[in-house]
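The numbering of the sequence shown is full-length UniProt numbering, which starts it at 1 and goes up by one.
Taking it in order: structure first as structure tokens, then the write-up.
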Amino acid sequence: MEGEVGTSSSFSKCEMQGNGEKGGNSGVVINETKSVNKFPLTFWEIGVAGGVVLGYALGLLCIYLTMPVSDYSFLKLPRNLEDLQILR
């Protein structure tokens, strides 16, 4: 909605110029609008950030692919209530 704080996409500066009379509408409103970029990053900064994320993901993938095969036969899950009570 227009007029709310932080929702406008442009910065505007309004000045009132007049002859200083009280209560009069003799002033002229000057509106200067400066365009503010909606997204603060440039194309190159987005590319660098994407490269960092891609490099991190590829590193994790390489670590996962080179991990040795694990043997989970030594893990025994409790099968009944008595096994759970032994763990206590």
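All residues carry an ideal CB built from backbone N, CA and C; glycine is no exception.
Bear in mind that the values here come from a model prediction, so they are computed numbers and not experimental data.
| query | result |
| --- | --- |
| What's the call for T7, buried or exposed, on a 16-neighbour Cβ count within 10 Å? | Per-residue confidence for T7 stands at a pLDDT of 49, beneath the threshold of 50, marking its modelled position as unreliable; the derived number appears in the next sentence. So T7 ends up on the exposed side. |
| Mapping DSSP to helix, strand and coil, what is F43? | helix |
| Along the chain, where does the alpha helix (DSSP H) that runs through L81 open and close? | L81 to L87 |
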